[in-house]
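For the sequence shown, position 350 matches number 342 in my numbering, and the numbering has no gaps at all. Built from N, CA and C at the ideal position, the CB exists for glycine as well. Step one of this worksheet: look at the structure below.
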Amino acid sequence: MSQTPGLDPDNPTASATGRPAEAPRGSRRGLALPIVVAAVALVALLALTGRLRPGDQGLGATTAGVANTPATAVAVATSARTAGTTPDSTQPPTPGRHRSGGVAALLAQPPPAMTTVELDAYHGEGYMGWPGRGRVESMTGCPSLDSSPLTDHPLWQTIHFGGQWTSNHPPPDAPWLIAGGIAPKDLPRFGRLRGHLGDPEFAHCKDADRIFVVESVAAVYEPRRPEQLPTPDSAEWTAFDVPSGGARLHYPSAWTVTATGDDTWALTSPDLPAYPLQLQVLRTDAVPAATQTAVAEHRQSVPFPQRESALRRAANVPRLWGDTIFRNSDPDHFFEVRFAQAGMSYVFRQEYGAGFDYDPRTLAYAQDILDTFEITGRPTITPIPPPKTSLGPGPFWSREQAEQLALEMIEGAIVLPAGAWHVTDGELVPEAEALARGDCDMRREPDNMWYTYPDGVWLLELTAATADRTLVYYTYLDATSGFHLCTAARTAVTNQAP
């Protein structure tokens, strides 16, 4: 028999304390409860036997205050499953154990505060932090829908593409709870959670009535998945030369490329047929209307840099840079990346579903394909010379000149009282030795057009004492021109109290 949260499954008219529930004088509650329980059990039976189909209204608009949607039927049905079994089992419940079949069911009939129940729920995954994200939670001690959602369907929390991040929430009309009392990393992707609502520890929090304090994990149906998808071997992909010339695509051999118009194609994954990656080749003065609208609303685009790829390394060409428009708001969920060269514009558009419909593979696949996209005829990278193992002919800056420039840069970047910064060490060394020291990354890379391949490098250590710690930074300068190669912090030293 299915169970209303907080009631004894062997005695539907008993309260969580085991005493008979008394109906208010003059009410018909004592008669209504058995009817309600029987109705809910019928909904569960229909769901388990497949007789309740999406769109069916079953017993009417509501049953015991719960809308008879397919999601609710599934949630109610899970209350008839014993703790520790998978959601596919149909064993009867353990007598005397209080449980909720799902998020929607628990919200529809919440038990008294601090009453322990069991809940089958998905916990959001794929949370990625960025500057400012999680700050409110850490300051207030309150979990949030951003950081720890519980839902009746799988939910990927973060949408990530091209170095841009944004949050992904359940649909506005979907039931949700917030997991509290346990670190998100310790929750399974899908499982049975034992816990309670109405904990006074979180009474000051936003959405306090939605915070489900997890006491323990009763069963794991699906463990957490890796938050990063594996990097594909693009060397085995299929190449597609754009018929109008000037560009080449690489894509997994299981995908299909279909012409959808003049100089427009759709790349479709068999895993995600509803969300093809679209390519349109245009003259640089012909920008799609959707991009114009997005630019007008966002008032800016952000750079899209290709990531390192085996194909680009083999071709010895520098990575491409494009412009990205990222829209993640109803009714539009898409990005567009535009690469322009030699009078042509190559516009990629990827739509994706939000809420429960969002699958992180959609944007991960698109990122992988754009990382291997080629505009043909570009100059190859000039081979880099090996690092110089001895000082060149010079002339070199003096130590005093190098110190003065390093101090001016650090004082402008990290403002402290006048005279706080000092150069505590300085040394002129060959390029190879500076690279070997590794105190900061000079980015000696083929596509770093700013690297100077110096004949000598000034290594300067700068320190500043504050009230509670000593800051230590390293700055490397090209000893011939004074060009700033890199600056990096060493772990700050905490000052000991006298």
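Of the other Cβ atoms in all chains shown, fewer than 16 fall within 10 Å of the Cβ of V407; this residue is therefore exposed. Nearest neighbour of A266 by Cα position, chosen from A231, R353, G237, turns out to be R353.
A straight line joining the alpha-carbon of I174 with that of S140 spans about 10 Å.
Secondary-structure assignment with DSSP links R319 through a beta bridge to F326. Residue pairing by DSSP puts G418 in a beta bridge opposite L452. Three or more pairs of CB atoms, one per stretch, sit closer than 8 Å, so the segment 324 to 344 contacts the segment 148 to 161. Separation of the CB atoms of V421 and L451 is rounded to 6 Å, and the pair is thereby assigned contact status at 8 Å. If only complete runs of 3 or more residues are kept, the segment 197 to 235 shows the beta strand (DSSP E) at 203 to 214, 230 to 233, in order along the chain. A straight line joining the alpha-carbon of V249 with that of A358 spans about 14 Å. Going by beta carbons, L137 and A171 fall outside the 8 Å limit. Here the C-alpha atom of T368 lies approximately 42 Å from the C-alpha atom of A398. For S159, the beta-bridge partners assigned by DSSP are T150. Look at I361 here: in three-state DSSP terms it is helix.
Distance from the Cα of G418 is smallest, within the candidate group A246, T467, A258, for T467. Out of P409, H145, V449, D360, the CA that lies nearest to the CA of E214 is found in H145.
Between L189 and A105, the C-beta gap is smaller than 8 Å, which places the two residues in contact. The C-beta of L259 has 16 or more other C-beta atoms within 10 Å across all chains shown, which makes the residue buried. DSSP links C478 through a beta bridge to Y468.
In this structure, the CA atom of P295 is about 19 Å from the CA atom of G335. In the displayed model, T354 falls within a helix according to three-state DSSP. If you compare the alpha carbons of S473, A113, Q270, A251 with that of A394, the shortest gap goes to S473. Comparing alpha carbon positions, the residue from G347, D225, V415 closest to S301 is D225.
Shown here, Q101 sits in coil according to DSSP, grouped into three states, outside any helix or strand.
Closest in alpha carbon position to Y119, among L147, C134, L111, is L147. Considering only K177, D460, A457, the residue with the shortest C-alpha distance to V206 is K177. Looking at the backbone, the Cα of V329 and that of D315 are separated by about 5 Å. R240: member of the beta strand (DSSP E) spanning 239 to 243, first to last residue. In this structure L221 is exposed. Its beta-carbon is surrounded by fewer than 16 other beta-carbon atoms within 10 angstroms. When the Cα atoms are used, W122 and A459 turn out to be separated by approximately 29 Å. Taking every protein chain shown into account, the CB of E392 has fewer than 16 other CB atoms within 10 angstroms, so this residue is exposed. Contact between the segment 185 to 203 and the segment 97 to 115 is present, with at least three C-beta pairs closer than 8 Å.
Assignment of beta-bridge partners to T248 by DSSP yields T260. Nearest Cα to W313 within the set Q333, F327, D322: Q333. Setting aside the 5 residues that flank it on each side, D433 is surrounded in the same chain by C478, A480, each with a C-beta closer than 8 Å to its C-beta; the list follows chain order.
Between A166 and G183, the gap from beta carbon to beta carbon reaches 8 Å or more.
DSSP places A459 in the coil class of the three-state scheme, outside both helix and strand.
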